[in-house]
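S.K.: Dumping the structure here so I can ask a few things about it.
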């Protein structure tokens, strides 16, 4: 069923405007009587029947709202080392499909891309990708794309667990690090194509991150975050 996010509580009547109208009428070719799913972006959703269609608005009558069942029991923030052009779009899309809560592009020593201009345009584009992926995967929220952050600025006080994917880790697996975990907030850190420097790993561990291995094979930066996220949610979801 087609899903649309609204910026208001799910009351008896909801009116959709803007780009949603074009998508409903011209792309999906829905009309009066068709059923859609509306989501408030805070984890609640409802089924709604299209009642009135005009050039500028689509009005729906809503069934009682219910909690969205697709949201994971933990909130995962992905700190992603800024990859080469084009890879971030795929990372965001697939991470949203898997269940990430937010994505923070991260600037590290070995990032090939070193942005000098304003980064706001990229953030806006990535946010649109997040929204489309959230609709497609029937999420109850639209995961947020956070502003670009430098590695040394990251703090973990808001997280119950911070996990650093490090190819030289030999003793602690991701599964071992998650054993007995009962918190709600997890940060995961993925390096760019060149990985993390030893100094960066030391700094992140001093800040409270835990170094973990993702297995015997070396994963690309665009694969590592997805693999880590999938394994975490496999462990914590019932």
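Residue numbers (our numbering): 1445 to 1682. The beta carbon of each residue, even a glycine, is placed where N, CA and C say it ideally should be.
Just reading off the alpha helix (DSSP H) that residue 1533 is part of, what are its end residues?
M.R.: Residue 1533 sits at position 89 when you count from the first residue of the chain shown. 1531-1542 is the extent of the alpha helix (DSSP H) around residue 1533.
S.K.: With 16 other CB atoms within 10 Å as the buried threshold, where does residue 1521 fall?
M.R.: Translated into the one-based positions of the chain shown, residue 1521 becomes position 77. Buried, by the Cβ-count rule.
S.K.: How is residue 1519 classed by DSSP in three states: helix, strand or coil?
M.R.: Within the chain shown, residue 1519 is the residue found at index 75, counting from 1. It is a strand residue.
S.K.: Count the other CB atoms, across all protein chains shown, that sit within 10 Å of the CB of residue 1461; report buried if there are 16 or more and exposed otherwise.
M.R.: In the chain shown, the residue the question calls residue 1461 occupies position 17. The residue in question, residue 1461, is exposed, as its Cβ has fewer than 16 Cβ neighbours within 10 Å.
S.K.: On a Cα-Cα basis, can you pick out the residue from 1547, 1586, 1630 that is closest to residue 1532?
M.R.: On the chain shown, position 88 is the one that residue 1532 refers to. Answer by Cα proximity: 1547.
S.K.: In this structure, does DSSP put residue 1510 in helix, strand or coil?
M.R.: Residue mapping note: residue 1510 aligns to position 66 of the chain shown, counting from 1. It is a strand residue.
S.K.: My output table needs one value for residue 1445: the three-state DSSP class, helix, strand or coil.
M.R.: Working through the chain shown from its first residue, we reach residue 1445 at position 1. Of the three classes helix, strand and coil, the one that applies to residue 1445 here is coil, per DSSP.
S.K.: Suppose you measure from the CA of residue 1581 to the CA of residue 1483; what does that come to, to the nearest Å?
M.R.: Here residue 1581 is taken as the residue at index 137 of the chain shown, counted from 1. Here residue 1483 is taken as the residue at index 39 of the chain shown, counted from 1. About 13 Å.
S.K.: State the Cα-Cα distance for the pair residue 1653 and residue 1585, rounded to the nearest angstrom.
M.R.: In the chain shown, counting from the first residue as 1, residue 1653 sits at position 209. In the chain shown, counting from the first residue as 1, residue 1585 sits at position 141. When rounded, the distance between both Cα atoms is 27 Å.
S.K.: Between the Cα of residue 1503 and the Cα atoms of 1526, 1458, 1669, 1515, which residue gives the shortest distance?
M.R.: Position 59 of the chain shown, counted from the first residue, corresponds to residue 1503. Looking at the Cα atoms, 1458 is the closest of the given residues.
S.K.: Would you say residue 1602 and residue 1656 are within 9 Å of each other, going by their C-beta atoms?
M.R.: Against the chain shown, residue 1602 aligns to sequence position 158. Against the chain shown, residue 1656 aligns to sequence position 212. No, the pair does not count as a contact, with Cβ atoms beyond the cut-off.
S.K.: Between the alpha carbons of residue 1555 and residue 1514, how many angstroms are there, rounded?
M.R.: Looking up residue 1555 in the chain shown gives position 111. Looking up residue 1514 in the chain shown gives position 70. Taking the straight line joining both Cα atoms gives about 34 Å.
S.K.: What's the C-alpha gap between residue 1570 and residue 1496?
M.R.: Working through the chain shown from its first residue, we reach residue 1570 at position 126. Working through the chain shown from its first residue, we reach residue 1496 at position 52. Roughly 32 Å separates the two Cα atoms.
S.K.: Using CA atoms only, rank isn't needed, just tell me which of 1478, 1466, 1553 is closest to residue 1501.
M.R.: Position 57 of the chain shown holds residue 1501. Measuring from the Cα of residue 1501, the nearest candidate turns out to be 1466.
S.K.: Distance check for residue 1592 and residue 1614, CA to CA, integer angstroms please.
M.R.: Counting from one through the chain shown, the residue named residue 1614 turns up at place 170. Counting from one through the chain shown, the residue named residue 1592 turns up at place 148. Roughly 30 Å between the two C-alpha positions.
S.K.: Please report how far the alpha carbon of residue 1661 lies from the alpha carbon of residue 1621, in whole angstroms.
M.R.: Reading the chain shown from its first residue, position 217 is the one you call residue 1661. Reading the chain shown from its first residue, position 177 is the one you call residue 1621. Rounded to the nearest angstrom, the two C-alpha atoms are 18 Å apart.
S.K.: Grab me the residues of residue 1658's own chain with a C-beta within less than 7 Å of its C-beta, minus the 5 sequence neighbours each way, in chain order.
M.R.: The count along the chain shown starts at 1 and reaches residue 1658 at position 214. So the qualifying residues of the chain are 1609, 1618, 1668, 1671, 1672.
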